[in-house]
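Colleague: Numbered per the numbering used here, the sequence shown spans residues 14 to 298. Glycine included, every Cβ here is placed at the ideal spot set by N, Cα and C. Computed from a predicted structure; not experimentally measured.
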Amino acid sequence: MKPRHEHWSLPEDTTFKSFIRRESAFDFGWHYHAEYELVLMTEGAGTRYVGTTVEPYAPGDLMLIGPDVPHTFVSRPHPDGVAEAAVAQFRYDFLGRDFFALPQFRAVRALLERSACGLLFGRTSDALRARLTGLPEQRDSAAATVALLDVLGRLAHQADDTAPLTRPGYAPAPDTQARRRVDDVCRHLQRAHTRPVELVEIAAIAHMAPTSFSRFFRRTMGRTLTDYVNQLRTETACRLLATTELPVTEVAARSGYQNLSNFNRRFLELQRMRPSEYRAAHLPR
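1. What residue range is occupied by the uninterrupted beta strand (DSSP E) comprising VAL261?
2. Rounded to whole angstroms, how far is the Cβ of ARG122 from the Cβ of LEU141, which I believe are closer than 8 angstroms?
3. At a cut of 8 angstroms, does the region 201–221 reach the region 260–269 through at least three beta carbon pairs?
4. Pull the bridge partners of THR65 from the DSSP assignment, please.
5. With C-beta atoms as the reference, is VAL82 less than 9 angstroms away from SER37?
6. Alpha carbon to alpha carbon, how far is ARG231 from VAL242?
7. Which one of GLU56, THR262, VAL195 and PHE112 has the shortest CA to CA distance from THR237?
8. At what residues does the beta strand (DSSP E) containing LEU133 begin and finish?
9. Is it a yes or a no for the region 272–289 touching the region 250–264, going by three-plus beta-carbon pairs under 8 angstroms?
10. Please classify GLY131 as buried or exposed, where buried requires at least 16 neighbouring CB atoms within 10 angstroms.
11. State the start and end residues of the unbroken beta strand (DSSP E) segment that holds GLN102.
12. Given this structure, state the Cα-to-Cα distance separating ARG192 from LEU202, to the nearest angstrom.
13. Please report the residue range of the beta strand (DSSP E) in which VAL87 lies.
14. When the Cα of THR175 is compared with those of ARG61, THR189 and ARG127, which residue comes out closest?
15. What number of angstroms, rounded off, separates the C-alpha of THR224 from the C-alpha of PRO297?
16. Check HIS20 in the structure and name its three-state DSSP category.
17. Can you give me the Cβ contacts of HIS44 inside the same chain, cut-off strictly under 8 angstroms, excluding the 5 residues immediately before and after it?
18. Under a three-way DSSP split, which group does PHE32 fall into?
19. Grab the span of the alpha helix (DSSP H) containing THR189 for me, first residue to last.
20. Roughly how many angstroms separate the alpha carbons of ILE33 and ALA172, rounded to a whole number?
21. Just curious, the alpha helix (DSSP H) that THR247 is in, first and last residue?
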């Protein structure tokens, strides 16, 4: 099966992304992306697919998957119906193009280079795991950045306690033109998703006819343009719900939804809870 290219949007105030992924089950979604991905399994067990390797995973497994390495996780049925992982995604230049070229970060640079075939870490301290699971809760983006760098620094000095997840050199050969088109479109949508989005306008950015673009986007991204825009808008709504006391109607409007019932339906579909429930769980008291 050909892996799909996944493009992640970033919050406005940081250059990397961290979140807790909690689902009733992790389903098979064979994909790759341009970012490094640090994954700590916290609940549930199942099977991981990384490159050419298929192996079981369990709570406590910590992995670093390099750019363009196809992967996915499929959870086994669990009595509580819960699969959960702490995830951090970042690009090599998330701290600046030459940051990891500095001599004091030689070990981290080597760690990132080795992740080209994926890495599974052995024994890791409770403190390191707590640092990683606490990243999404950091309200201060500078503190979160320092915390992520600290995690990478600690992992870089566990070179003797890591194992590759797949054979060296395994990665898809991305279609450079397709990737460039997708990146141009996604960058535009990151800026413009809070206003009405017209297919004709977006297709023009990719220099394609609307019908051809729709097929291209779905084939490349594994979802429709509408689904992708809804994901961006919902992420914006989550940020507003967690950091402001704006009325839900205003949150919906500022996120790009002109219809409140549509906003509520989409939010429930993507977040598995209502906007008011999300705010209650995330807004500092």
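Modeller: Once the coordinates are examined:
1. The sequence position of residue 261 within the sequence shown is 248, counting from 1. Counting along the chain, no beta strand (DSSP E) covers VAL261; the unbroken alpha helix (DSSP H) around it starts and ends at 261–268.
2. Numbered from its first residue, the sequence shown carries residue 122 at position 109. Numbered from its first residue, the sequence shown carries residue 141 at position 128. Contact annotation, ARG122 with LEU141: C-beta distance approximately 19 angstroms; criterion of less than 8 angstroms not satisfied.
3. Result yes; three or more Cβ-Cβ pairs closer than 8 angstroms.
4. Counting from 1 along the sequence shown, the entry for residue 65 is found at position 52. In the DSSP assignment, THR65 is bridged to no other residue.
5. Taking the first residue of the sequence shown as 1, we reach residue 82 at position 69. Taking the first residue of the sequence shown as 1, we reach residue 37 at position 24. Cβ distance not < 9 angstroms, so VAL82 and SER37 don't count as in contact.
6. Reading the sequence shown from its first residue, position 218 is the one you call residue 231. Reading the sequence shown from its first residue, position 229 is the one you call residue 242. Going by C-alpha positions, ARG231 is about 13 angstroms away from VAL242.
7. Here residue 237 refers to the residue found at position 224 when the sequence shown is read from its first residue. Ranking GLU56, THR262, VAL195 and PHE112 by Cα distance to THR237 puts VAL195 first.
8. For the purposes of this step, residue 133 is taken as the residue at position 120 of the sequence shown. 132–134 is the extent of the beta strand (DSSP E) around LEU133.
9. The region 272–289 is in contact with the region 250–264.
10. Taking the first residue of the sequence shown as position 1, residue 131 is located at position 118. By the neighbour-count criterion, in which a residue is buried when 16 or more other Cβ atoms sit within 10 angstroms of its Cβ, GLY131 is buried.
11. Start at 1 with the first residue of the sequence shown, and residue 102 comes out as number 89. Run containing GLN102: 96–103, per the beta strand (DSSP E) assignment.
12. For the purposes of this step, residue 192 is taken as residue 179 along the sequence shown, with counting starting at 1. For the purposes of this step, residue 202 is taken as residue 189 along the sequence shown, with counting starting at 1. Approximately 15 angstroms, taken between the alpha carbons.
13. Numbered from its first residue, the sequence shown carries residue 87 at position 74. Residues 84–88.
14. Residue mapping note: residue 175 aligns to position 162 of the sequence shown, counting from 1. Here the closest residue by C-alpha is ARG127.
15. Stepping through the sequence shown from its first residue, residue 224 is reached at position 211. Stepping through the sequence shown from its first residue, residue 297 is reached at position 284. Cα to Cα, THR224 sits roughly 45 angstroms from PRO297.
16. Numbered from its first residue, the sequence shown carries residue 20 at position 7. DSSP places HIS20 in coil when its eight states are reduced to three.
17. As a first step, residue 44 is located in the sequence shown; it is residue number 31 there, counting from the start. Taken in chain order, the residues that qualify are PRO16, ARG17, HIS18, GLU19, PRO83, HIS84, THR85 and GLY235.
18. Your numbering for residue 32 matches position 19 in the sequence shown. Correct three-state label for PHE32: strand.
19. Your numbering for residue 189 matches position 176 in the sequence shown. Per DSSP, THR189 belongs to the alpha helix (DSSP H) from 189–205.
20. For the purposes of this step, residue 33 is taken as the residue at position 20 of the sequence shown. For the purposes of this step, residue 172 is taken as the residue at position 159 of the sequence shown. If I take the Cα positions, the gap works out to 26 angstroms.
21. Within the sequence shown, numbered from 1, the residue matching residue 247 stands at position 234. Per DSSP, THR247 belongs to the alpha helix (DSSP H) from 238–256.
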